Amino acid sequence: MSETKASRRWWALAVIAAAQFMVIMDTSIVGVALPKMQGELGFAPGNLSWVFNAYVVAFGGLLLLGGRLSDLLGARRVFAAGWGVLLVGSLVAGLATGVGSELAGRAVQGVGAALIAPSALTLLMMLFGSNPGS
């Protein structure tokens with residue numbers, strides 16, 4: 610294997626690792642911001658858990674669909690689309706001015722994560738599996 614090809618594999622691994630980090634981070638980091646969100650966006654205490662749940666429900670509910678789309682459309686394409694969807698969801702959630710837009714943004718982030726996670730694992734197997742690159 611040429612050095613350029615090997616180097617590209619390791620860069621791809623870094624991108625895949627960053628993607629998996631984002632998927633996991635989005636499930637946990639929101640807990641830090643919940644008190645500030647409650648005050649600024651007007652969440653009722655009983656509805657605050659939906660900031661977390663909107664992401665997790667969308668992510669968990671669409672994970673198998675993300676895997677199937679990765680099989681049908683190609684892992685790279687679905688991986689890239691998942692990043693785009695996650696970024697749009699992050700933008701919507703970050704610029705939210707109310708409860709509805711925050712929850713919509715978090716749900717869109719979950720959709721993006723559901724596209725990223727299975728396609729990232731497929732790409733990982735393609736790059737570093739028993740017969741890489743074929």
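FYI, the numbering for the sequence shown is 610 to 743, going by the working numbering.
Quick reminder that beta carbons are idealized off the backbone N, C-alpha and C, glycines included.
This one's a predicted model, so the numbers in the text were calculated from it and none came from an experiment.
Determine the direct distance from the alpha carbon of residue 661 to that of residue 799, and round the result to whole angstroms. What is shown of the chain runs 610 to 743, which leaves residue 799 out entirely.
Decide yes or no for the touch test of the region 691 to 704 against the region 613 to 623: beta carbon pairs closer than 8 Å, at least 3 of them. no
Please report the distance separating the alpha-carbon of residue 671 from that of residue 713. Reading the sequence shown from its first residue, position 62 is the one you call residue 671. Reading the sequence shown from its first residue, position 104 is the one you call residue 713. Cα to Cα, the separation comes out at about 15 Å.
Can you list, in chain order, the residues of its chain whose CB lies under 7 Å from that of residue 659, leaving out five sequence neighbours each side? By 1-based counting over the sequence shown, the position of residue 659 is 50. The answer, listed in chain order, is 712.
Just checking: is the beta-carbon of residue 659 within a distance shorter than 9 Å of some beta-carbon in chain D? Protein chain content of the structure displayed is limited to a single chain, and chain D is not contained in it.
With DSSP collapsed to three states, give me the class of residue 743. For this step, residue 743 is matched to residue 134 along the sequence shown. Residue confidence is low: residue 743 scores 48 on pLDDT, short of 50, so the model does not pin down where it sits. Its coordinate-derived value is still stated next. Residue 743: coil per DSSP, three-state reduction.
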